[in-house]
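Structure first, commentary second.
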Amino acid sequence: MTDTRYIYDLSEGDISLKSTLGGKGAGIAEMNRIGVPVPDAFTVTTQSCVAAMENDGNWPEGLAEQVDAALARLEERTGLKLGDPDKPLLVSVRSGAVVSMPGMMDTILNLGISDASVPAVAALAGNERFAYDCYRRFIQMYGEVVEGVAPNVYEDALTELKNARGVAQDTDLTAADLKELTETFKTLSNEALGGAWTSDPREQLIRAINAVFKSWMNPRAEVYRKANGISRRLGTAVNVQQMVFGNRGDTSATGVCFSRNPATGTKELYGEFLVNAQGEDVVAGIRTPRPLAEMEEVLPDAFHELLDTMEKLELHNRDMQDMEFTVEDGKLYMLQTRNGKRTAAAAVKIAREMVAEGLLTKDEALLRVEPAQLDALLHPGIDPNNTEKPIVKGLPASPGAAVGGVCFSADEAAERGNRGEKIILVRFETTPDDIHGVMVAQGVLTAHGGMTSHAAVVARGMGITCVAGATAIKIDPAGKKVTIDGVDYHDGDVITLNGSTGEVFAGALTLVPADLNEDFLSIVEWADETRRLGVRANAENFEDASKARELGAEGIGLARTEHMFMAADRLPSVRKMILAENEEQRAAALEEILPMQQADFEQIFTAMKGLPVTVRLLDPPLHEFLPNLVDQSLLVQKLELTGAPTEQVEAEKATLAQVKRLHEQNPMLGTRGCRLAMLYPSIPEMQARAIIKAALAVLDREGETVGVEIMIPLVAYQQELSTQREIVTKAVEEEFELAGKRLDYTIGTMIELPRAAVCANEIAEVADFFSFGTNDLTQTGIGISRDDAEQGFLGYYVDTEVLAANPFETIDQDGVGGLVSLGVERGRSVKPDLKTGVCGEHGGDPASIEFFHKAGLNYVSCSPYRVPIARLAAAQAVLKNK
Ligand code: PEP
Ligand code: MG
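Counting from 463, one number per residue, gives the positions in the sequence shown under this note's numbering.
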């Protein structure tokens, strides 16, 4: 015999036992404890479900006995007995996970009704029709949920009977009809189960509890858990509760209500009810429920008690409540209460108003808003009432919603976009060559690439909606069409992207605009009063920098200069630089690029004047700025075959030779970052000059400039940084000399390779600051390719919970996070005040931000639209770790 406790009676629980009793079980226990009327019950723990799940569905030893004992106690307390011919007890068997998963699992009502007990149910209610209505509902629900009988078996019989009687509604069937239907249902169950239908209520109860356990693993629950990051290891509790009947005539009713409007947050009456109905009638849409306000007329006493109870429950739980109730013969019972799900707009409004009402402190209110939700307030979103089904799903790479005509080339997108057309750029993947098309598109859809792929990072940075890695789409750029689920979408056909979910829809869905209202602003301002971490943005142009500043960024933590090399008007000069045959040619090409870079920097610095800006020198390998190897080979072949002029053929051949020369098998681990700058020192030199010239120009023009921070990427060795430092310092000092004035600047490094983290003490000797590039640190620390892994094994790992989360979204705290902590610690062992930040995508992820807070970093830097999320998450990190 085991001592493990698998069951709690209603009076033994309270809200603190939520992880054991589930949200619903703990909620009813707590209501009972504070004197809210709740039907008596017992709860089978979540641990029981987990134990059964871990043992191929077999119940743990002792559980069946504990169910019997709990049932006996419930019978004792209620004075009723399951299946009894005189005083029958009827129960509901309902799931209830720790985190609410509305509608995802199964429920069985009216259990305990049987041939033996149905006459007593009728007599006690004085209503035979009611008794047989309960019975036929029970057989159907039990058959479908517990025994797996196909739903149409029962529905067809019901329809047949209604046709035979010439009536349209279930409610038009008489007691005799329902009695007959009950017999038909029993026969159907028996037929479907080959005679194995059990009519013993005790046996039914055991099987019903087991069915609810099993429903934890049903496909829709799996999908919901995955979408909401809920672990399958939590299991569900099962609540066995005495039935109360909302379908006992016109003085009975059932309904759902919220203590505030969950869509807008407004404090007002919100809910629906039905007279003479059972719970599922309200949600199933068979009968249209009535607005709650109308209940005042039909059931005034219960209505007023419900209002008082709602208020009491909200005050007690100090949060907006989502409740279910039943009125049986005029008496109100509460069946459920939980903190209600709400839209982002409602979340900020409720948090702010509850502080004003004195219900919450500011700190508590800050913890009530889900940081990731704030994002929804910043981008136009898909109308929450949308009922369209997606045609395909990819990775939710950049949130928001976008509607536009599909377009398959970046050049065309740029041209049409600039003409004001709304474009969705559809590409196999995006490359630097596409940037001009991306910039003017409403959204980007790719078949390849992950959450930190180029397309995703760029799109997020610019607030452009992106669905990446939609592997199921087939793009035919030459034929100008994309095939999705067998349907062709041609150039210009309109689709809608939901970058927050990865869903793609055919046609134009209605979008609702973002509004930065007072509620939102109050919440992020309170967050600023609390947080310790600084929040900067990753931005590399005027618009993004201005947007970031508007959203509260305290500077730029990463300006990726390669994005400036990629613009269409720069590429010819950049290619000249790459294809240069000697230093003179290269210097000449760099002279062309310098003023363009300077102009870019001036724009950013103007937007950010008075704040620090970290400019990172060129990172990607040079061949990224050249044509693709295969494309260029094909071009040369084509030119040769078509007898193109020799000069042209030779020029393209020369390009091909360069492309081949620079081609690397693993460019991500190749000649990029400072390695490139070591081979071509004239590049960092030019960039340093452009930065300083720009900073001085903005100082002259605006009377104020930025805190200049020059950052060297992909450093592994101290020697690399000291060499780069020398090159940059020399160029900067020369510029000061030329200008006859100077300004403060610092030179720091990215820490994005494991060696750099481990040897951070050596590197710190020549660094003024560290910025952890956690994208590359994840790639190199775990050994997974950023661009490939998410569609391959990594997706499988996340789906199967080998990993709790995608490490490119949420930092792998033990591994990659360990490298960050080590880097901070070793760096500060040499320079105690060394400034450290994070500029990888994790800088905008709430869970990662909490980790960075604890690791003692100075700031995080993220995409402009994630700045408010980071501000709130940084405040929550303080509050959670007080
Ligand atoms: C990083 O590696 O985390 C980083 C910010 O650099 P990038 O994403 O540009 O490689
Ligand atoms: Mg990097």
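A virtual CB, placed ideally from N, CA and C, is assigned to each residue, including glycine. Predicted model, so just to flag it, every value in this text is computed and none were measured.
The continuous stretches of alpha helix (DSSP H) do not include Q904, and DSSP gives it neither H nor E.
Counting of Cβ neighbours within 10 angstroms places T649 among the exposed residues, the total staying below 16. Check the Cα spacing between A876 and each of F1314, A976, P501, A1029: the tightest is with A1029. Between the C-alpha atoms of F735 and V789 there is a straight-line separation of about 10 Å. Per DSSP, the beta-bridge partners of P753 are E734. The segment 1112-1131 makes no contact with the segment 1159-1169: fewer than 3 CB pairs, one atom from each, lie closer than 8 Å.
Uninterrupted beta strand (DSSP E) stretches at least 3 residues long and entirely within the segment 663-741 occur at 698-704, 715-720, 732-737, given in chain order. The bridge partners DSSP lists for Y616 come to none. Membership of I1311 in the alpha helix (DSSP H) is indicated by the continuous run 1308-1316. Taking the C-beta atoms as reference points, M782 is found no nearer than 8 Å to M772.
One thing to note: Y1259 has its Cβ no nearer than 8 Å to the Cβ of G1019. The segment 991-1003 makes no contact with the segment 936-955, as fewer than three CB pairs between them are under 8 Å. Within the same chain, no residue comes within 6 Å of L1033 by CB-CB distance, once the 5 residues on both sides are set aside. Counting only residues of its own chain and dropping the five nearest sequence neighbours on each side, V706 has a CB closer than 7 Å to the CB of P501, T788, E790, Y795. DSSP, reduced to helix, strand and coil, places N1000 within a strand of the structure shown. Short of 6 Å from the beta carbon of K884, and not among the five residues preceding or following it, lie these beta carbons of its own chain, in chain order: G866, Q904.
Every residue whose beta carbon comes nearer than 5 Å to a heavy atom of the ligand MG appears here in chain order: E1214, G1235, D1238. With a contact defined as Cβ atoms closer than 8 Å, P833 and Q1338 qualify at about 7 Å.
In terms of side-chain proximity, the C-beta atom of L1020 is found nearer than 7 Å to a non-hydrogen atom of the ligand PEP. Not one heavy atom of the ligand PEP sits closer than 7 Å to the Cβ of D873.
For C1301, the closest of G941, V760, R1022, K824 by C-alpha to C-alpha distance is R1022. Taking 8 Å as the cut-off, the beta carbon of I1145 is found no closer than this to the beta carbon of L1088.
Proximity of the segment 508-515 to the segment 687-701 meets the contact definition, three or more beta-carbon pairs being nearer than 8 Å. Proximity of the segment 1232-1240 to the segment 1272-1292 meets the contact definition, three or more beta-carbon pairs being nearer than 8 Å. According to the DSSP secondary-structure assignment, M1173 is paired through a beta bridge with R1078, G1210. Here the segment 1064-1073 makes contact with the segment 995-1013; the two share three or more CB pairs at distances below 8 Å. Set against 7 Å, the gap from the CB of C1324 to the closest heavy atom of the ligand PEP is not smaller.
Taking 3 residues as the shortest admissible run, the segment 1173-1242 contains the following complete beta strand (DSSP E) segments, listed from N- to C-terminal end: 1207-1213, 1231-1234.
Excluding five sequence positions before and after A593, the CB atoms of its chain that fall closer than 7 Å to its own CB belong to V580, V583, A584, A587, given in chain order. Distance between G1014 and E980, taken at the CA atoms: about 15 Å. Residue state for I575 is assigned as coil, using DSSP reduced to three classes. Boundaries around R556 are those of the beta strand (DSSP E), 553-559, since no alpha helix (DSSP H) includes it.
In this structure, the C-beta of D1006 stays at least 7 Å away from each heavy atom of the ligand PEP.
Contact annotation: L1200 and Q1149 have beta-carbon atoms that are not nearer than 8 Å. The Cβ atoms of M1173 and M1140 do not sit closer than 8 Å to each other. Restricting attention to V831, V902, P751, V956, the CA atom closest to the CA of K803 is found in V831.
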